[in-house]
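K.L.:
Input: one structure, supplied below.
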Amino acid sequence: MTGPAIVTAAICGAEVTREMTPHLPITAAELAEEAARCRDAGASVIHLHVRKDDGTPSQDRALFQKALDAIRARTDVIVQTSTGGAVGMSAGERAQPLECTPPPDMATLNAGSLNFGDDVFLNPFPMVREFARRMREKGVAYELECYDVGHVEACLRLAQEGVIELPAHFDFVLGVRGGIQASEENLRFLAAKLPRGCTFNVAGLGKHQLPMAALALRMGGHARCGLEDNIYLGKGVLAKGSFELVAKVAELARAAGREVATPAQAREILRLPPRRT
Ligand code: KMH
Ligand code: ZN
28 MTGPAIVTAA ICGAEVTREM TPHLPITAAE LAEEAARCRD AGASVIHLHV RKDDGTPSQD
88 RALFQKALDA IRARTDVIVQ TSTGGAVGMS AGERAQPLEC TPPPDMATLN AGSLNFGDDV
148 FLNPFPMVRE FARRMREKGV AYELECYDVG HVEACLRLAQ EGVIELPAHF DFVLGVRGGI
208 QASEENLRFL AAKLPRGCTF NVAGLGKHQL PMAALALRMG GHARCGLEDN IYLGKGVLAK
268 GSFELVAKVA ELARAAGREV ATPAQAREIL RLPPRRT
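Counting in my numbering, the sequence shown runs from 28 upward without gaps.
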């Protein structure tokens, strides 16, 4: 596969704080500014979390609406809202971005539970089924978040149940303490599990972000980067924003002989309808 490569920018997340990096966008205006910078650097998808003004992670519908409106006014990127939120949030809290108008193009669908550092990130099957149902109802495409091999197998089972449809777009999150770790062997093992026609994205955590992106791009997959997963551009050097990481991943894509996908090309690859207005 040598088609265009989708670069997803995870610009905010729920765990990174301003104490860890002063470059974290928090308000709707900052998120929109960062989304536009990432688009200029080569991102076609923005993975979006929101925060309260004091930086606390939130899944509040009104905050998502404000951020979505601000991003849509600035740039044509595909916005993928989180339904993962932060550990400990209830299903009701987490599902709120699906209620925005118009709904987001995409949302994450977390495929299974796991230890998440010293916490537990809960995604029991009834919750996954309900989130998938709501996404279908709203016409929101899902990216299947898999933190371990069992999550990929769970997706295949959910497809057999008719909860999700294949082919679908997967995100392999590699390196959570409690999930599958970031290595070439693991990524190849996960990718080999996908049925024909499925696409995958790789989100390597911390120092694994750029090497795993490079590998995924050589394998014909897509790559996610950004401050949600990694705040460093190099050893001890903070990225001035997710856009610097996007620029690096875009270079890696070109080095792998891939064109960097525009939002229109990404829509085609991800089987998304035209941009909502
Ligand atoms: N913050 C993590 C616990 C998602 O966005 O869907 C979950 C997460 C996944 O970030
Ligand atoms: Zn996230």
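Where a beta carbon is used, it is the ideal one built from N, C-alpha and C, also for glycine.
Please find out if some non-hydrogen atom of ligand 1 comes closer than 7 Å to the beta-carbon of Cys111.
P.N.:
This sequence places Gly at residue 111; Cys is not what is there. Checking the Cβ of Gly111 against ligand 1 gives yes.
K.L.:
Mind listing, in chain order, the continuous beta strand (DSSP E) runs of no fewer than 3 residues lying wholly within the segment 178-202?
P.N.:
Within the segment 178-202, the complete beta strand (DSSP E) runs of at least 3 residues are 196-201.
K.L.:
Looking only at its own chain, which residues have a Cβ that is under 8 Å from the Cβ of Glu192, when we skip the five neighbours before and after it?
P.N.:
Correct list, in chain order: Ala186.
K.L.:
Do you know offhand how far Glu188's Cα is from Glu211's?
P.N.:
Approximately 31 Å between the Cα atoms of the pair.
K.L.:
Just the Cα atoms here: how many angstroms apart are Gly298 and Pro290?
P.N.:
According to the sequence displayed, residue 298 carries Arg and not Gly. Cα to Cα, the separation comes out at about 12 Å.
K.L.:
Return the bridge partner residues of Asp146 from the DSSP annotation.
P.N.:
Phe143.
K.L.:
Taking the straight line between their C-alpha atoms, what separation do you get for Pro301 and Cys182?
P.N.:
In a straight line, the C-alpha of Pro301 is about 26 Å away from that of Cys182.
K.L.:
Are the segment 52-64 and the segment 28-40 touching, with three or more C-beta to C-beta distances below 8 Å?
P.N.:
The answer is yes - the segment 28-40 touches the segment 52-64, with three or more Cβ pairs under 8 Å.
K.L.:
Answer yes or no: the CB of Thr135 versus the heavy atoms of ligand 3, is any distance below 7 Å?
P.N.:
Because ligand 3 does not appear in the structure shown, any question about it cannot be addressed here, the ligands present being ligand 1 and ligand 2.
K.L.:
Less than 8 Å between the beta carbons of Phe227 and Phe199, yes or no?
P.N.:
Yes.
K.L.:
Does the count of Cβ pairs from the segment 92-103 and the segment 133-146 closer than 8 Å reach three?
P.N.:
Touching, no.
K.L.:
Measuring only from the beta carbon, is Glu120 closer than 7 Å to any heavy atom that is part of ligand 1?
P.N.:
Not so, every heavy atom of ligand 1 lies at least 7 Å from the Cβ.
K.L.:
Which residues in the same chain as Ala68 place their Cβ atom closer than 7 Å to its Cβ, once the five residues preceding and following it in sequence are excluded?
P.N.:
Here the set comprises Phe270, Val273, Ala274, Ala277.
K.L.:
Leaving out five residues before and five after Arg78 in sequence, what residues of the same chain have Cβ atoms less than 7 Å from its Cβ?
P.N.:
Once the five neighbours on either side are set aside, the close Cβ partners of Arg78 are Cys39, Ile53, Pro84, Ser85.
K.L.:
State the CB to CB distance for the pair Arg121 and Thr110, rounded to an integer number of angstroms; the pair is presumed to be in contact (CB under 8 Å).
P.N.:
Between Thr110 and Arg121 the Cβ distance is about 5 Å, and since that is below 8 Å, they are a contact.
K.L.:
Under 8 Å between the Cβ atoms of Leu221 and Leu201?
P.N.:
Contact: no.
K.L.:
Assuming Leu244 and Ala280 are in contact, meaning their beta carbons sit under 8 Å apart, how far apart are those beta carbons, in whole angstroms?
P.N.:
Yes, they are in contact, since the Cβ atoms of Leu244 and Ala280 sit about 5 Å apart, within 8 Å.
K.L.:
Write down the C-beta distance between Ala97 and Ala70 rounded to the nearest angstrom, noting that I regard them as a contact closer than 8 Å.
P.N.:
Their Cβ separation, rounded to whole angstroms, is 16 Å, which puts Ala97 and Ala70 out of contact at 8 Å.
K.L.:
Please state whether the Cβ-Cβ distance between Val72 and Ala250 is less than 8 Å.
P.N.:
Contact flag unset, no.
K.L.:
Looking at the structure shown, is Leu260 part of a helix, part of a strand, or coil, going by DSSP?
P.N.:
Strand at Leu260.
K.L.:
If you draw a straight line from the alpha carbon of Thr48 to that of His178, how long is it in whole angstroms?
P.N.:
Roughly 31 Å separates the two Cα atoms.
K.L.:
Can you tell which of Tyr259, Gly284, Arg161 has the C-alpha that lies nearest to the C-alpha of Cys127?
P.N.:
Of Tyr259, Gly284, Arg161, the residue nearest in Cα terms is Arg161.
K.L.:
For Glu295, count neighbouring Cβ atoms within 10 angstroms of its own Cβ and tell me buried if that reaches 16, exposed if not.
P.N.:
Looking at its Cβ environment, which holds fewer than 16 other Cβ atoms inside 10 Å, Glu295 is exposed.
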